[in-house]
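Using this note's numbering, the final residue of the sequence shown is 150, and nothing's skipped along the way.
Glycine included, each C-beta is placed from N, C-alpha and C at the ideal position.
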Amino acid sequence: MDDIDRQIVALLRQDARRSFQSIGLRVSLSAPAVKRRVDRLEADGVIRGYTSRVDPVRFGWTTHAIVALFCEGRMPAHEVREAVERHPEVESAYTVAGEASAVVHVRARDTAHLEETLERIRDHPGVTRTQTQIVLSTLFERPFEA
Numbered sequence: 005m006d007d008i009d010r011q012i013v014a015l016l017r018q019d020a021r022r023s024f025q026s027i028g029l030r031v032s033l034s035a036p037a038v039k040r041r042v043d044r045l046e047a048d049g050v051i052r053g054y055t056s057r058v059d060p061v062r063f064g065w066t067t068h069a070i071v072a073l074f075c076e077g078r079m080p081a082h083e084v085r086e087a088v089e090r091h092p093e094v095e096s097a098y099t100v101a102g103e104a105s106a107v108v109h110v111r112a113r114d115t116a117h118l119e120e121t122l123e124r125i126r127d128h129p130g131v132t133r134t135q136t137q138i139v140l141s142t143l144f145e146r147p148f149e150a
């Protein structure tokens, strides 16, 4: 990856719908040259896909929490993943060092929905308990910038 590739990725991160022509004007390349670079970045796995950023609050999912997940013994990461990935309320999950086995970001419509989600997660074999911190406000979220 060179500086032009980094600029292209940064521009696509700002707006994934930006045209190759528009990007080319910013990085001094033709649209076909930008397309070739984007194709290569996709093939190399640098660009893994494109998505829409949706505001969960607009869909009525106004509650979110950070949940520490505690599991029996040394539950392998793939089993921890199985415990949480099937729940649409789980936005992200990470294995962590420390007492907890994982940390999970959960979004829900309200606290009743959050409680029901946590109960479903705790029902998974090997999950012993959760420790939940409800988010009161989001100060900022910083997406990765290349």
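Inclusion of P147 and R17 in the CB contact set at 8 Å is warranted, their separation being smaller than that value. A residue is called buried once 16 or more other Cβ atoms fall within 10 Å of its Cβ, and R41 is buried on that count.
Looking at the backbone, the Cα of V94 and that of R111 are separated by about 6 Å. Nearest in C-alpha terms to A87, of all of I125, G53, V108, E76, is I125. The criterion of a C-beta distance shorter than 8 Å is not satisfied by R30 and L45. Boundaries of the alpha helix (DSSP H) around E119: 115-126.
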